[in-house]
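This report concerns only the one structure given below.
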Amino acid sequence: MISIKDGIILSNHHFIAYNKPGGIAVQSVQNKEDSLEVKLQQYCKVPLHLIHRIDQPCTGVVLFAKKKPMASYLNELLQSHDIERTYLAIVQGKPEKEKGSLHHFLFAHKKSNKSYVVDEKHKEGKPAQLDYEWIRELPDQLHLLQIKLHTGRHHQIRAQLGDIGCPIFGDIKYGAKSGQEDRSICLHAWKLSFKHPIDHKTIAIEAPPPVTGVWQHASLK
3 MISIKDGIIL SNHHFIAYNK PGGIAVQSVQ NKEDSLEVKL QQYCKVPLHL
53 IHRIDQPCTG VVLFAKKKPM ASYLNELLQS HDIERTYLAI VQGKPEKEKG
103 SLHHFLFAHK KSNKSYVVDE KHKEGKPAQL DYEWIRELPD QLHLLQIKLH
153 TGRHHQIRAQ LGDIGCPIFG DIKYGAKSGQ EDRSICLHAW KLSFKHPIDH
203 KTIAIEAPPP VTGVWQHASL K
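Residue numbers (the working numbering): 3 to 223.
And the structure:
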């Protein structure tokens, strides 16, 4: 990250949205790690409240509130599934259906930092749902998918796509054939949208996907 300003998508009195590059942690333990949260707090010079996380190897939009009332409002929207989250994924393998929904139960195993698809009777399994749409084929038998996330489970998109035989490119933890040099994976948090608490107008935030590596073949224009 050359300059913290480069990744800012939107910043106002209420929140800041950032296009996170792959390989950088969103949060750190006791502010010791050189995380996005630490860097943005230094830049904004105010305490920030993280609204949602994306995994360290992923890219895309991350949202922080600058004030507690806005943080409470956004967290309520997140809990009630009133923040719409759209992702892009480059995967190995094409889904059987070009458009559909995935419903699984996921068990997050803390020791291995991995989520497993389990039977609905599993005592620690939690329901996970997403909608996907195939956009097009890319070189090297890769495929570009658009994903709408309805629940926010640990490694949800990665585990669910891996389970149907479409692992995300670079994600060896969930079945990809090989990793990438920078250890990033081709999962990008593309869009967030929600209603403003005062005027109720829709706030739409979009993070352009990377333009390097296999992403250069995934232009949406």
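Cβ coordinates follow ideal geometry from the N, Cα and C atoms, glycine included.
Helix, strand or coil for Leu50, going by three-state DSSP, please let me know.
coil
Any alpha helix (DSSP H) of 4 or more consecutive residues that is wholly inside the segment 181–217
none
Hey, is the segment 207–217 in contact with the segment 95–103, meaning 3+ C-beta pairs nearer than 8 angstroms?
no
Helix, strand or coil at Lys112 [DSSP, three-state]:
coil
N- and C-terminal bounds of the beta strand (DSSP E) containing Gly1
Past the boundaries of the shown model lies residue 1; the chain is included only from 3 to 223, so the question cannot be answered.
What number of angstroms, rounded off, separates the C-alpha of Ile205 from the C-alpha of Phe66?
14 angstroms
Taking a contact to mean a Cβ-Cβ separation below 7 angstroms, would you say Ile159 touches Cys188 in this structure?
no
Near Ile137, what residues of its chain come up, given a Cβ to Cβ distance below 7 angstroms and the 5 sequence neighbours on each side ignored?
Leu146, Leu147 and Gln148
Going straight from the alpha carbon of Ile53 to that of Asp142, what length do you get?
36 angstroms
How many Å lie between Lys21 and Thr61 at the Cα?
Strictly speaking, residue 21 in this sequence is Asn, with Lys absent from that position. Spanning the two alpha carbons is a distance of roughly 7 angstroms.
Helix, strand or coil, according to DSSP, for Leu225 in the structure here?
Any question about residue 225 goes unanswered here, given that the chain covers just 3 to 223.
When Ser186, Ile200 and Asp201 are compared against Ala91, the one with the closest alpha-carbon
Ser186
Go to Leu132, then tell me how far its beta strand (DSSP E) extends in each direction, as first and last residue.
Lys128 to Leu140
Which same chain residues end up closer than 6 angstroms to Asp173 when comparing Cβ atoms and leaving out the 5 residues on each side of it in sequence?
Arg160 and Ile187
Using a Cβ-Cβ cut-off of 8 angstroms (strictly less than) and excluding sequence neighbours within five positions of Gln43, which residues of its own chain qualify?
Pro49 and Leu50
Assign Lys101 to one of three DSSP states: helix, strand, or coil.
strand
Could you name the residues of the same chain whose beta carbon sits closer than 6 angstroms to that of Trp217, not counting the 5 residues immediately before and after it, in chain order?
Pro211
At a Cβ threshold of 7 angstroms, is His106 touching chain D?
Protein chain content of the structure displayed is limited to a single chain, and chain D is not contained in it.
Could you name the residues that DSSP lists as bridge partners for Ile10?
Tyr20
Which of helix, strand or coil DSSP assigns to Ile26:
coil
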